[in-house]
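2 protein chains.
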Amino acid sequence: MSIKFYTSQQSIGVASHIALEESGLKYDLVEVDFSQNQQKSGDYLKVNPKARVPSLVLDRGVLTETPAILTYIAQQAHESALALPHDPFDQAQIHSFNSYLCSTVHVAHAHKQRGERWVNDESAIKAMRENVPKTMAVCIDFIEKEMLRGPWVHGKTFSISDPYLYRISSWLEGDGVDINRYPKVKAHHSAMAERDSVKAVESYFTAG
Amino acid sequence: MSIKFYTSQQSIGVASHIALEESGLKYDLVEVDFSQNQQKSGDYLKVNPKARVPSLVLDRGVLTETPAILTYIAQQAHESALALPHDPFDQAQIHSFNSYLCSTVHVAHAHKQRGERWVNDESAIKAMRENVPKTMAVCIDFIEKEMLRGPWVHGKTFSISDPYLYRISSWLEGDGVDINRYPKVKAHHSAMAERDSVKAVESYFTAG
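Quick note, the sequences are listed as chains C and E, same order.
Take the position in the first sequence, starting the count at 1, then add 4; the result is the number in the numbering used here.
Take the position in the second sequence, starting the count at 1, then add 4; the result is the number in the numbering used here.
And the structure:
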């Protein structure tokens, strides 16, 4: 099986990148340089016509959307730390958490720099941007109080929810949210940063 | 196994409601009346502190988020039309499609009536609302051209993506998008409307 992984610096692709490192699967990484608008280039649109990252190119075809990519990697790497639980309810809690991240938390964050997805009006884009510290704080507060069991998202067992939350909690400082107000989220972030997978991913782009 | 299903009229809960009807599983439906703000009542917040629908209350606990609920129902009803394919890539395409609906299409729609999720400013909320026909048309055009294989979303085999798309394509008229411009989406909508599961769900609230 060959895996080609398209991603970009600082994007949500980091979550899948960490999962690939955790999985032990072999893959080739292709950087999509957003500073050069490569996500809108003809070559990349053939891979992913959504002009987004990440994309996973497999023998059978292309797979997009972070929750689907994470689940696929977990299924392929069922002897790794990412293995999905056999119990359907436990597995559903992973899908539920990841769905909340993609449909609510990532969307709240995207209103900072991607406001043109939803409006053309400059003053509306500015209003969206200014509100991001508040909406992101509401989301992280909810994760802190209602979701994050600790040390990992779903308790003692690591899962694909952990690289996903790590990527999003890395955005907090830039989003104007003080992670120190959320001790469980902060401890999760620190524990993730100690993992070899995260160190490998974090050094990938800085090492050039 | 007992299943209590919390949902509301016209909401995304319709997708899970159809799936429950397709599944053959027994369940009790509890209506959450948004016109009375019941989703914010103390009783409902104990079920789902997100103040959203749908929620599935099971022996083990509560499950929220449409993609997770649909996947769980499919796993419990593996002899029904909803059964997940065994092949991981085929299964991943279902998760990918559903993830696109929850993170992009439903979010585009939500800018019409739920703008206060992202801004306080009245003029920004108005700008968001006015843009919905355009953003929803872009999403549906993408589904028409790039995703919907026909007759069902993933081809010849029905899946949990089908009730989910049906629910969202039912919003198009109210969102200012003419479904007649998208023949595959329209044919999908019509084929869904013929199913007993959909008829049962559509008549549920109108019958009182």
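Ideal Cβ placement from N, Cα and C applies to all residues, glycine included.
Fair warning: this is a prediction, and the values are worked out from it, not measured in the lab.
Per-residue DSSP class, three states only, for residue i
{"i": "C/VAL136", "result": "helix"}
{"i": "E/TYR10", "result": "strand"}
{"i": "E/VAL189", "result": "helix"}
{"i": "E/VAL205", "result": "helix"}
{"i": "E/GLU120", "result": "helix"}
{"i": "E/VAL111", "result": "helix"}
{"i": "C/ALA84", "result": "In the sequence under discussion, the amino acid at residue 84 of chain C is Ser, which differs from the Ala named in the question. In this structure, C/SER84 counts as coil in the three-state DSSP scheme."}
{"i": "E/VAL181", "result": "coil"}
{"i": "E/ASP145", "result": "helix"}
{"i": "C/GLU35", "result": "strand"}
Any chain E beta carbon closer than 9 angstroms to residue i
{"i": "C/ALA87", "result": "no"}
{"i": "C/LEU67", "result": "yes"}
{"i": "C/PHE93", "result": "yes"}
{"i": "C/GLN43", "result": "no"}
{"i": "C/GLN79", "result": "yes"}
{"i": "C/ILE73", "result": "yes"}
{"i": "C/LYS54", "result": "yes"}
{"i": "C/HIS115", "result": "yes"}
{"i": "C/SER103", "result": "yes"}
{"i": "C/TYR76", "result": "yes"}
{"i": "C/HIS99", "result": "yes"}
Endpoints, the alpha helix (DSSP H) within which residue i is located
{"i": "E/LEU24", "result": "17 to 27"}
{"i": "C/LEU74", "result": "70 to 80"}
Where the beta strand (DSSP E) through residue i begins and ends
{"i": "E/VAL51", "result": "Counting along the chain, E/VAL51 falls outside any beta strand (DSSP E), though it belongs to the alpha helix (DSSP H) covering 46 to 51."}
{"i": "E/SER103", "result": "It is not in any beta strand (DSSP E) - E/SER103 instead sits in the alpha helix (DSSP H) that spans 92 to 104."}
{"i": "E/SER165", "result": "It is not in any beta strand (DSSP E) - E/SER165 instead sits in the alpha helix (DSSP H) that spans 165 to 173."}
{"i": "E/LEU60", "result": "59 to 62"}
Minimum Cβ-Cβ distance from residue i to chain C less than 9 angstroms
{"i": "E/HIS158", "result": "no"}
{"i": "E/ILE144", "result": "no"}
{"i": "E/PRO167", "result": "no"}
{"i": "E/HIS21", "result": "no"}
{"i": "E/LYS50", "result": "no"}
{"i": "E/ALA96", "result": "yes"}
{"i": "E/ALA112", "result": "yes"}
{"i": "E/SER107", "result": "yes"}
{"i": "E/GLU198", "result": "no"}
{"i": "E/ARG64", "result": "yes"}
{"i": "E/GLU150", "result": "yes"}
{"i": "E/THR139", "result": "yes"}
{"i": "E/THR70", "result": "yes"}
{"i": "E/ASN135", "result": "yes"}
Nearest-angstrom Cα separation, counted from residue j out to residue i
{"i": "E/ASN41", "j": "C/SER39", "result": "45 angstroms"}
{"i": "E/LEU60", "j": "C/ARG185", "result": "31 angstroms"}
{"i": "C/HIS193", "j": "E/VAL57", "result": "30 angstroms"}
{"i": "E/ASN52", "j": "C/CYS143", "result": "15 angstroms"}
{"i": "E/GLN13", "j": "E/ALA19", "result": "11 angstroms"}
{"i": "C/THR161", "j": "C/GLU150", "result": "18 angstroms"}
{"i": "E/GLU148", "j": "C/ALA195", "result": "43 angstroms"}
{"i": "C/ASP63", "j": "C/VAL36", "result": "20 angstroms"}
{"i": "E/LYS44", "j": "E/HIS113", "result": "21 angstroms"}
{"i": "E/LYS8", "j": "E/LYS50", "result": "14 angstroms"}
{"i": "E/ALA81", "j": "E/SER201", "result": "14 angstroms"}
{"i": "E/ARG171", "j": "E/SER165", "result": "10 angstroms"}
{"i": "E/HIS158", "j": "C/PRO187", "result": "43 angstroms"}
{"i": "E/SER163", "j": "E/MET5", "result": "23 angstroms"}
{"i": "C/ALA204", "j": "C/LEU169", "result": "17 angstroms"}
{"i": "C/ARG199", "j": "C/LEU152", "result": "19 angstroms"}
{"i": "C/SER207", "j": "C/GLN95", "result": "31 angstroms"}
{"i": "C/TYR104", "j": "E/ILE16", "result": "15 angstroms"}
{"i": "C/THR11", "j": "E/GLY46", "result": "43 angstroms"}
{"i": "C/LYS3", "j": "C/ASP182", "result": "Residue 3 of chain C lies beyond the range of chain C shown here (5 to 212); nothing can be said about it."}
{"i": "E/MET132", "j": "C/VAL123", "result": "6 angstroms"}
{"i": "E/PHE93", "j": "E/TYR48", "result": "37 angstroms"}
{"i": "C/ALA141", "j": "C/SER107", "result": "16 angstroms"}
{"i": "C/ASP91", "j": "C/SER173", "result": "28 angstroms"}
{"i": "E/GLY154", "j": "E/ALA85", "result": "16 angstroms"}
{"i": "E/VAL109", "j": "C/VAL136", "result": "21 angstroms"}
Original post:
Do the segment 110 to 127 of chain E and the segment 89 to 106 of chain C make contact, defined as three or more Cβ pairs closer than 8 angstroms?
Top reply: no
Original post:
Do the segment 19 to 28 of chain C and the segment 58 to 77 of chain C meet, that is, are 3 or more Cβ pairs less than 8 angstroms apart?
Top reply: yes
Original post:
Touch check for the segment 60 to 75 of chain E and the segment 63 to 70 of chain C: three-plus C-beta pairs under 8 angstroms?
Top reply: no
Original post:
Mind listing which residues of the segment 119 to 133 of chain E have their C-beta closer than 8 angstroms to chain B's C-betas, in chain order?
Top reply: Although the question refers to chain B, the structure presented lacks it and instead comprises the protein chains C and E.
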